[in-house]
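Some notes on the structure that comes next.
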Amino acid sequence: MSKSKQTVEHCALQLKALIASEKRRVTSYDVAQAAGVSQSAVSRCFKPGASISPAMHERVMRAASVLDYIPNAAARSLITRRSNMVALIITNKANLYYPELLAELSKQINAHGKHVLLFTLAREADVGRALADVWQFQVDGVIAAARLSPEHIAECERRRMPLVLFNRMQRDQPVNTVSCDHVEAGRMLVSRLAAAGHRHFGIISGREDSSVATERRQGACERMAELGLPPPVIVAGNCDYQSGATGLQAIIDQLGAVPDAIICGNDVAAIGCLDAARHALGLDVPGQLSVAGFDAVEPSNWLSYNLTTLRQPMQKMAAAAAELLSNLIDNGGSEAERRVFSSQFIEGATARLTPTGPRAAPLPAAAVAATAGIRQLVAIM
-3 MSKSKQTVEH
7 CALQLKALIA
17 SEKRRVTSYD
27 VAQAAGVSQS
37 AVSRCFKPGA
47 SISPAMHERV
57 MRAASVLDYI
67 PNAAARSLIT
77 RRSNMVALII
87 TNKANLYYPE
97 LLAELSKQIN
107 AHGKHVLLFT
117 LAREADVGRA
127 LADVWQFQVD
137 GVIAAARLSP
147 EHIAECERRR
157 MPLVLFNRMQ
167 RDQPVNTVSC
177 DHVEAGRMLV
187 SRLAAAGHRH
197 FGIISGREDS
207 SVATERRQGA
217 CERMAELGLP
227 PPVIVAGNCD
237 YQSGATGLQA
247 IIDQLGAVPD
257 AIICGNDVAA
267 IGCLDAARHA
277 LGLDVPGQLS
287 VAGFDAVEPS
297 NWLSYNLTTL
307 RQPMQKMAAA
317 AAELLSNLID
327 NGGSEAERRV
337 FSSQFIEGAT
347 ARLTPTGPRA
357 APLPAAAVAA
367 TAGIRQLVAI
377 M
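Written out as structure tokens, the structure reads:
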């Protein structure tokens, strides 16, 4: 039965008062009553592209406006069989790189009309438990910024769950991937430093369970070998400030000298290494020691650091991941697609980038006396 605009508003106002007295939420049934249409007609009005007459659409929207009605996404998903929710699995949320990653991925996913359901991991090894949680929700797809095993990927395929790996390469298994070439990044950094005369390197690596850290270290070591440079002194790190500071001391202890350059697993570790070098050992950076990191997180640009680093094209990568997953959800896909991006070298001011003579001189006496300062620096953190 057709209703005039005034009648629709009158009925909606009466219903609104009744709903307020009953202390309940407005439903699509209430909107249908006020507009004089069926519940299915209300659902079609809120479904993009649905067939409905302009007059009916106007009545429904007028009633919904008066009633302050907001469609129930869960109820709508029962009809469309789509939740418009994407599971985002990320690791190490304490890393300064991850807030930027989360913000950019959320922005790009929202641009495709979808929303993020976040799952965070303390370690990449916990990804199996995260996936077990994901299956409990009606998500349309998964973006995983964590290393998935072949078994995990096979499980996604078995469940017909669209999956995109973000910043993780699965070289021996076909899977949709958007990633920065971390091996290339490690090679690029060594090439730039070696061209400026650096020969003796130390590496403060990232977490052992991190595929990103492994690939960066692999690229750096491969390039050093190709250039005929001495093998680097490698110490384990945790991609945090403390491991950067203590890693510097461990490298000096093993080498018995200040190396030409130290490559850190990320910028946070590089900042720890830089502070220890300058304030605990009194070293001139980059005069006596070059320090470089990865990721170009915000503090790396601060005047106190101005770190030499590599920046990932985060916006382009996030846009590619959201587009790829959205296409998989809407259209499916037969062949896995890999989109690989390159890092951008940021010169900064913590590495010597012009040729100099041979280095790796013995540790200065003043610096030897100050090595305890690193432990004091770490102790107060």
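Be aware that the sequence shown starts at -3, since it is given in the working numbering, and climbs by one per residue.
Every residue, glycine too, gets a C-beta built ideally from N, C-alpha and C.
When secondary structure is reduced to three states using DSSP, His196 falls in the coil class, being assigned neither helix nor strand. The C-beta separation of Val135 from Val174 comes to about 18 angstroms, leaving the pair out of contact by the 8 angstroms criterion. The C-beta separation of Leu270 from Thr346 comes to about 6 angstroms, placing the pair in contact by the 8 angstroms criterion. Uninterrupted alpha helix (DSSP H) stretches at least 4 residues long and entirely within the stretch 200 to 266 occur at 207 to 222, 237 to 251, given in chain order. The Cβ-Cβ distance between Glu54 and Lys1 falls below 9 angstroms. Tyr25 counts as exposed, since fewer than 16 other beta carbons sit within 10 angstroms of its beta carbon. In the structure shown, Gly45 adopts coil according to DSSP, grouped into three states. For a cut-off of 8 angstroms, the C-beta gap from Val62 to Glu5 is around 6 angstroms, short enough to register as a contact. Looking at the DSSP output, Gly137 sits in a beta bridge with Val82. Ala257 and Ala332 have their C-alpha atoms spaced approximately 39 angstroms apart. Contact between Ala292 and Ile342 holds, since their C-beta atoms are separated by about 6 angstroms, short of 8 angstroms. Secondary structure of Ala292 (DSSP, three-state): coil.
Leaving aside the five residues that flank Asn234 on each side, the residues in its chain whose CB is nearer than 7 angstroms to its CB run, in chain order, Arg203. A distance below 7 angstroms between beta-carbons, with the five flanking residues on each side excluded, links Ala46 to the following residues of its chain, in chain order: Arg40. The C-alpha of Gln308 lies about 6 angstroms from the C-alpha of Gln340. DSSP, read as helix, strand or coil, puts Arg335 in strand. Secondary structure of Ser61 (DSSP, three-state): helix. For the 9 angstroms CB-CB criterion, Gly240 and Ala272 form a contact. A Cβ-Cβ contact shorter than 9 angstroms links Phe115 with Ala126.
Within the DSSP bridge table, the entry for Ile342 names Thr305 as partners. Comparing C-alpha distances from Asp249 to each of Val231, Ser49, Arg143 shows the shortest one belongs to Val231.
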